[in-house]
DNA sequence: TCTCCATATGACCACCTGGTCATACCATAC
DNA sequence: GTATGGTATGACCAGGTGGTCATATGGAGA
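Residue numbers (the working numbering), protein chains in the order written: chain A, 20 to 248; chain B, 20 to 248.
Structure (structure tokens):
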């Protein structure tokens, strides 16, 4: 990120035009991945000339990095506001709300989530490691702070290894979002085709499962404790 | 899969040559993904002429589908043998062994796992839905049968929704393998850089966490029950 | 009106892609 | 020797890629 990948010319553009270009580029990169994305498609979709693109950005990589910057801004704002809104609740409620916010985010910005998945799984993305660390650190910090709260308030049993819990939460929630966003990904729950209410219900169910497993025995039975076979 | 993507000519080839071609193709497709894979690279790496490739397979898609068939065979055999070997153990021990076998598989066949990840996350893979269902169904069936066993033997508490448990197990174990296989994927545990013993230890830790959460209270305390706060 | 300069343009470049095909090869059969 | 038929070959094709550049445009200042 040393030198800006975007030229001043682009920032002088009328906002409407700027957004048209960003939208077109985002659609292309999220859809096809970095290498497969076609700049010809971007200029066609945004109605500008090929040469103009190179007046706005240094090169293909520059466009991609700029998109990433924009995306990170949106994500950071969303994450902060969720964290703020659920400040008072217990850990598991916070997790459930966070999951709901995630689903909501995907519904609202499917392309941003697509871009994230591309960076996560396409090893040939430029600066992948660097970009990934920026994003994944968000999630890791978020879960770490939640777990810390849970431990200090006694909402999570004290005898579990903290890092394993964070790994587990991250795995389950991220997977849930992937299952919602990607077709044919999830065989068990069919979340990609499910109605919003069902997605929400499955999310609650999953968090409830985590609560039963992670909360101390005394507190876990909020909804009634079951008996072994 | 109706019509075979491989021509008889290929099967008549001396095995050594056949394997050279399969290896080169697997490396290319696993590395770059379907669309980005270059047949020129494949012929260069396997030392055959471009035209020969088209005497062996119908087209690019044919090569890819043939690779998938080969890969599925390897996976199926591995999975069956793991299932067999752990037949007697309790659910959580079976899960731990399965996870270990998965890590082992990745170490032994990194390209096959790479191919799986490509199909899983690259929406532009041909016949993605079909291929994915074939593979994911493996995993889903496997976990389903394990969970069923766990419930009937009283190793898993009876008051949890079965499908949510399967989703959770699938998410956590698959994520663990991804974290081992992909660089810079996992921020929390750093599994991609960890030594084999540490990977194993983290796996045990994770399964232990699942045991504490999912086993009935009476059975969970095998290693000593902790206290809240 | 003329100058200046940021911006806009699309024909053009070298390179790579998946795929084709006329030709050459070579062992067997006669 | 020669005919047969499966196999091997790489020059070649149309189409797409990221990137360039000479030229055109248009508004502000003189």
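Note that CB positions come from ideal geometry on N, CA and C, so glycine has one too.
These figures come from a predicted structure and were not determined experimentally.
* Asked: Name the chain A residues whose beta carbon is nearer than 7 Å to that of residue 190 of chain B?
  -> 190, 191 and 194
* Asked: Going along the chain, which residues of its own chain have a beta-carbon closer than 6 Å to the beta-carbon of residue 247 of chain A, five neighbours each way excluded?
  -> Residue placement at residue 247 of chain A is flagged as unreliable, the pLDDT there being 35, under the threshold of 50; a coordinate-derived value is accordingly withheld.
* Asked: Taking DSSP as the reference, what is the three-state secondary structure of residue 204 of chain A?
  -> coil
* To do: Look up residue 122 of chain B in the DSSP assignment and say whether it is helix, strand or coil.
  => helix
* Where residue 91 of chain B falls: helix, strand or coil (DSSP) -> helix
* Neighbour list for residue 180 of chain A in chain B, Cβ cutoff strictly below 8 Å -> 224 and 228
* To do: Could you round the C-beta distance between residue 109 of chain B and residue 174 of chain B to whole angstroms and report it? I think they count as a contact, below 8 Å.
  => 5 Å
* At least one CB of chain B closer than 8 Å to the CB of residue 207 of chain A: is that the case? -> yes
* **Interface partners of residue 121 of chain B on chain A, CB under 9 Å** => Chain A residues near residue 121 of chain B: none, gap ~14 Å exceeds 9 Å.
* **Beta carbon proximity, residue 184 of chain B to chain A, threshold 8 Å** => yes
* What three-state label does DSSP hand residue 25 of chain A in the structure shown? -> strand
* To do: Indicate whether at least one CB of chain B lies closer than 8 Å to the CB of residue 20 of chain A.
  => Caution applies to residue 20 of chain A, whose pLDDT of 45 falls short of 50 and renders its modelled position unreliable; the model cannot decide the point.
* Could you name the residues that DSSP lists as bridge partners for residue 76 of chain B? => B:25
* Asked: With a Cβ-Cβ cutoff of 8 Å, do residue 122 of chain B and residue 233 of chain B count as a contact?
  -> no
* Asked: When the cut-off is 8 Å and only beta carbons count, does residue 136 of chain B lie next to chain A?
  -> yes
* Option in B:178, B:159, B:208 and B:213 with minimal Cα separation from residue 180 of chain A -> B:208
* **Alpha-carbon spacing of residue 183 of chain B relative to residue 44 of chain A, whole angstroms** => 37 Å
* **Segment contact flag, the region 210–217 of chain B with the region 90–105 of chain B, C-beta cutoff 8 Å, min 3 pairs** => no
* Can you check the region 108–175 of chain A for any alpha helix (DSSP H) of at least 4 residues that lies completely inside it and give the ranges in chain order? => 110–127, 129–140 and 147–171
* Asked: Rounded to a whole number of angstroms, what is the C-alpha to C-alpha distance between residue 191 of chain A and residue 28 of chain A?
  -> 43 Å
* Please check if any C-beta of chain B sits within less than 8 Å of the C-beta of residue 232 of chain A. => yes
* Asked: Can you tell me the Cα-Cα spacing of residue 100 of chain A and residue 199 of chain B, whole angstroms?
  -> 32 Å
* Under a three-way DSSP split, which group does residue 20 of chain A fall into? -> In this prediction, residue 20 of chain A has a pLDDT of 45, which is less than 50 and means its spatial position is unreliable; nothing more can be read from the coordinates.
* **Expected contact under 8 Å - CB spacing of residue 130 of chain B and residue 203 of chain B to nearest Å** => Contact doesn't hold; Cβ gap of about 19 Å is too wide.
* To do: Starting from residue 202 of chain B, find everything on chain A with Cβ-Cβ shorter than 8 Å and list it in chain order.
  => 142 and 148
* Asked: What are the boundary residues of the alpha helix (DSSP H) that residue 49 of chain B is part of?
  -> 34–51
* Asked: For residue 54 of chain B and chain A, any beta-carbon pair shorter than 8 Å?
  -> yes
* **At least 3 beta-carbon pairs within less than 8 Å: the region 219–227 of chain B vs the region 217–225 of chain A** => no
* Interface flag, residue 95 of chain B vs chain A, CB-CB below 8 Å -> no
* Closest Cβ-Cβ distance between residue 80 of chain B and chain A: below 8 Å? -> no
* To do: Could you tell me whether any Cβ in chain B is nearer than 8 Å to the Cβ of residue 152 of chain A?
  => yes
* Whole-angstrom distance between residue 60 of chain A and residue 157 of chain A, CA atom to CA atom -> 32 Å
* To do: Evaluate the contact criterion for the region 102–117 of chain B versus the region 165–174 of chain B: three or more CB pairs, one atom per stretch, below 8 Å.
  => yes
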